Structure formats: C-alpha cells, structure tokens
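**Student:** I have a structure I would like to understand better, so I am pasting it below and will then ask my questions one at a time.
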Amino acid sequence: MLYYIFRFLDQFGISGSHLWGYISFRAILALIIALVISSWFGEHFIKYLKKKQITETARDENIDPFGVKKIGVPSMGGIILIVAILIPILLLGRLRNIYLILMIITTVWLGFLGGMDDYIKIFRHNKEGLKGKYKIVGQVSIGLIVGLVLWSSPDVKMNLNLETQKQGQEIVVKHAEKAEKSLKTTVPFLKNHNLDYSEVMAFCGKYKTAAGWILFVVMTIVVVTAVSNGANLNDGMDGMCAGISSIIGVALGILAYVSSHHEYAAYLNIMYIPDSQELVVFFCAFIGALIGFLWYNAYPAQVFMGDTGSLAIGGIIGVGAIIIHKELLLPILCGIFFVESLSVIIQVYYYKLGKRRGVKQRIFKRTPIHDAFRTQDSQLDPDCKYLLKKPHSVVHESKITIRFWIITILLAAMAIITLKIR
Numbered sequence: 011m012l013y014y015i016f017r018f019l020d021q022f023g024i025s026g027s028h029l030w031g032y033i034s035f036r037a038i039l040a041l042i043i044a045l046v047i048s049s050w051f052g053e054h055f056i057k058y059l060k061k062k063q064i065t066e067t068a069r070d071e072n073i074d075p076f077g078v079k080k081i082g083v084p085s086m087g088g089i090i091l092i093v094a095i096l097i098p099i100l101l102l103g104r105l106r107n108i109y110l111i112l113m114i115i116t117t118v119w120l121g122f123l124g125g126m127d128d129y130i131k132i133f134r135h136n137k138e139g140l141k142g143k144y145k146i147v148g149q150v151s152i153g154l155i156v157g158l159v160l161w162s163s164p165d166v167k168m169n170l171n172l173e174t175q176k177q178g179q180e181i182v183v184k185h186a187e188k189a190e191k192s193l194k195t196t197v198p199f200l201k202n203h204n205l206d207y208s209e210v211m212a213f214c215g216k217y218k219t220a221a222g223w224i225l226f227v228v229m230t231i232v233v234v235t236a237v238s239n240g241a242n243l244n245d246g247m248d249g250m251c252a253g254i255s256s257i258i259g260v261a262l263g264i265l266a267y268v269s270s271h272h273e274y275a276a277y278l279n280i281m282y283i284p285d286s287q288e289l290v291v292f293f294c295a296f297i298g299a300l301i302g303f304l305w306y307n308a309y310p311a312q313v314f315m316g317d318t319g320s321l322a323i324g325g326i327i328g329v330g331a332i333i334i335h336k337e338l339l340l341p342i343l344c345g346i347f348f349v350e351s352l353s354v355i356i357q358v359y360y361y362k363l364g365k366r367r368g369v370k371q372r373i374f375k376r377t378p379i380h381d382a383f384r385t386q387d388s389q390l391d392p393d394c395k396y397l398l399k400k401p402h403s404v405v406h407e408s409k410i411t412i413r414f415w416i417i418t419i420l421l422a423a424m425a426i427i428t429l430k431i432r
C-alpha cells in the first residue's frame, strides 16, 4: 500500500520517496514494524486472552521435572505472529507480486487451520484438537494450490545459469537473457548442482515435462506438509519453535536475496529468480514478528503460539524454500524439525513392531526428541524396554532450547555455505 503511494509520489520528485524502491529499506522497515507490532500488540492480546480465559489445556506436569506448572497460560498466540507479519507486508510489499501473494495465502490458510485446532482444544476441551486427517487435508490443499500456481502462472520464471566458461583462471557464469519457466532446483554439495524434475521423469518419454511438473507439485505438497508438521512437533518448549524459526528465516532471507540479485546469483552460480526480492521483505517481517513474540514466549512463557502459529510458521518456511528453488536444502536448514518428526515416526513404528510380538518397547524415553532430555528415569514405564535411556540426568528446558538454537545456527550456516562448497 505505502509502496505504491510513495512510488507514485517519486514521479513528482518528492524528497525521500525514492527510498521505497530499495529492497533493503523496505526489508529493514518491515522487520522493525513487525517487531514493534508483535511486542506491543502481544502485550494487549495476552491480557485479552487471560480475560477471556483462552488458556492452554492442562498439560502433563510429570513432563517437567523442575515443577513449573503451565496451566492457565494463554494459547493461540500465533495470532500475534500472523498479525505482526501481515500488517508490514500489506504496507510495504508489492502486493501484485505472485510470490508475495502465495506467502500471504499460505500464512492465512495454515494459521486458520491451526486456529481451528486450538479452538477445539480450548473451547471444546478436547485435548486431541482437530482430527489428524483434517489437518493433513488442509496442508495438502495449500501445497497443491502453491504447486499449481507456480506451474501455471506466467509470472513465475527464472534465468538459468546455463553457461560457465573459463577465461584464464576465472570462471564466468552467464544467465540466460530470457526468463523462462523451469523445473530445475538447487542440489547441495554438487558441482553441477541443478536437478531437473523433468529429467527425473525422463522414462515418460515425450511427456516428461508434464510428468516433471506433476512431480514438482507433489514435491511441493510433501515439503509444505512435512515442514509444517515438523514445526508443530517442535513447538513443545518455551521459545523453542520461535527461536529456531527466526534463525531459519534469516537463512532463507539471505538465500532469497542472492537469488533475486543478478550479480550475486552469477557469482554463486545459482538461478536468478526475478521479482523474488519481495520474499526478503516477507522474511524480514517474519523474523521481526518472531523476535517480538519471543519477548513473551521465552522461558517462562507468558503465551503459547499454539498450532495457529506453528503450522503457519512451517508453511511459510516450506513455501519460501520452494519459491526460490532451495527445497532440497531444507533437510539441512530445518534439521531440528526433521529430527523431531523422524523421532516420532520411528518411535511409533518401533512400538507397533513390538506390540505385534507382545513386547512393550520404545527407542527413546519420550518423543518428540526434545522431551527425552527432560524426562527422568523414574518416570519411565518399568514394563517397557527402552533402547536409549540417555541422558540419565535431566536437562533444564531453557538449556535445551538454547542448545537447539545453537544447532540451528550451525545448520543455517552450513545451508548457506553449500552454495560455494561443491
């Protein structure tokens, strides 16, 4: 909104209006506005939630060995995040940009899906919340929408890094002069690092391009569903998901910036994606909202984000990575989310495997994996066999959170340097 107003005023030479043409100016301003909204609106919204008794359902007190009761803490704090992200984006973003539109739709869609889950938990006193199959349908639906739009929209194009030639000892990367639709994506650690989905489907013969787009849409669905579920599982400790997601947001913002900059994209030998610089503005708003939210969500939490926040966060990360063709970096960048999800999957599989043989068995003390670090041995089921009982001494929640942040910083750095390590 403001972007278009000041760009119009710039035509008349009004001093300062040209600043709105700079992506760095709008991005930093979006971060500041989102942080202020998140912290200011958060305080008043938390008071409102307490007044209306919109609080977390009773948790298992045995899960916290330090005796901190988390009953009566307001939930649905994800609304704070969504408001703090959308307001600066609506003010500062180029709202006709297809990538920005997709990010806004994803945020609202998954925020609403998570809000339905929180509503059932809080107002209907059903701790299970929205049935899993409905969550999956909602996640698959937004993944399908994003994939189909990226397939069909004429605005979704890129300039491929098609030619690399040596001039003396210098390697020069040239981008195609004409932007076109492409099924290529970046593969980490490989010198010829572009994977073409159509080539993966080469066995389809003359239909390989169409099959490649179908594979791309399926990949989009898988990524959005997996990352949103991973973020949801990670949201089990004060400040955990918000801190980790803000670090991931910084990395994706950097990747979006270099992908949208012709010279940096050439230097790093990656695809140049015109108009993707609007994602930098979005991710700066995303980071600012999360940092402001941490003011209240850090240990001991004054508010929980709930599924309203965690599902939206995961969707934002997944769709952002898909748009800049860096989805294959997500297992590294979102390593914590990946491990959290994997721990639950293998725990359930191992337990069911033992059940078939009449044996009660588990691999970890608790899952998601972060809960294993704060579970005392005395809390374990004596009739159950545990493959891994470490650590034997419990770790405080705040220390687990900070350590997971540190690991995510290392993973984010690794994801970024994969652009040069091949």
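According to the numbering used here, the sequence shown is numbered sequentially starting from 11. Cβ coordinates follow ideal geometry from the N, Cα and C atoms, glycine included. Every value quoted in this text rests on a predicted model; they were computed, and no experiment measured them.
1) Between the alpha carbons of Gly246 and Lys184, how many angstroms are there, rounded?
2) Starting from Asn204, trace the beta strand (DSSP E) both ways and give me its first and last residue.
3) If I follow the unbroken beta strand (DSSP E) through Thr195, where does it start and stop?
4) So, using beta-carbon positions, are Leu278 and Ile333 closer together than 8 Å?
5) Assuming contact is defined by CB atoms lying nearer than 8 Å, are Cys394 and Ile323 in contact in what I supplied?
6) Please report how far the alpha carbon of Arg43 lies from the alpha carbon of Lys400, in whole angstroms.
7) Considering only residues of the region 268–293, which uninterrupted beta strand (DSSP E) runs meet the minimum length of 3 residues and lie entirely inside it, listed in chain order?
8) Got a sec? Which residues, its chain only, sit under 7 Å from Ile64 by beta carbon, not counting five neighbours each side?
9) Return the CA-CA distance between Trp161 and Ser408, expressed in angstroms with no decimal places.
10) Can you grab the Cα-Cα spacing for the pair Ser34 / Pro98, in whole Å?
11) Would you call the region 227–246 and the region 143–155 in contact, with 3 or more CB pairs under 8 Å?
12) So, Met424 versus Ile342, is the Cβ gap smaller than 8 Å?
13) So what does Thr65 bridge to, in DSSP terms?
14) Is it buried or exposed for Arg384, if we count other Cβ within 10 angstroms and need 16 for buried?
15) Rounding to the nearest angstrom, what Cα-Cα distance links Ser27 and Gly240 in this structure?
16) For the region 203–242, which segments carrying the alpha helix (DSSP H) assignment without a break, of at least 4 residues, lie completely within its bounds, in sequence order?
17) Starting from Glu190, follow its DSSP beta bridges and name the residues at the other end.
18) What is the rounded straight-line gap between the Cα of Thr116 and the Cα of Gly325?
19) Below 8 Å between beta carbons: does that hold for Ile258 and Ser270?
20) Does the region 118–127 come close enough to the region 306–320 that 3 or more CB-CB pairs lie under 8 Å?
21) For Phe22, count neighbouring Cβ atoms within 10 angstroms of its own Cβ and tell me buried if that reaches 16, exposed if not.
22) Going by Cα to Cα distance, which pick from Asp165, Ala186, Ser238 is closest to Lys153?
23) Quick one, which of Ile426, Ala295, Val268, Lys216 has its alpha-carbon nearest Ser286's?
**Tutor:** Judging by the given coordinates:
1) 46 Å
2) 204–206
3) 194–196
4) no
5) no
6) Correcting the residue identity first, residue 43 is Ile in this sequence and not Arg. In a straight line, the C-alpha of Ile43 is about 44 Å away from that of Lys400.
7) none
8) Pro84, Ser85, Met86, Ile132
9) 43 Å
10) 14 Å
11) yes
12) yes
13) Pro84
14) buried
15) 42 Å
16) 207–210
17) Met168
18) 6 Å
19) no
20) yes
21) exposed
22) Looking at the sequence itself, residue 153 is Gly, so the reference to Lys does not match. Considering only alpha carbons, the answer is Ser238.
23) Val268
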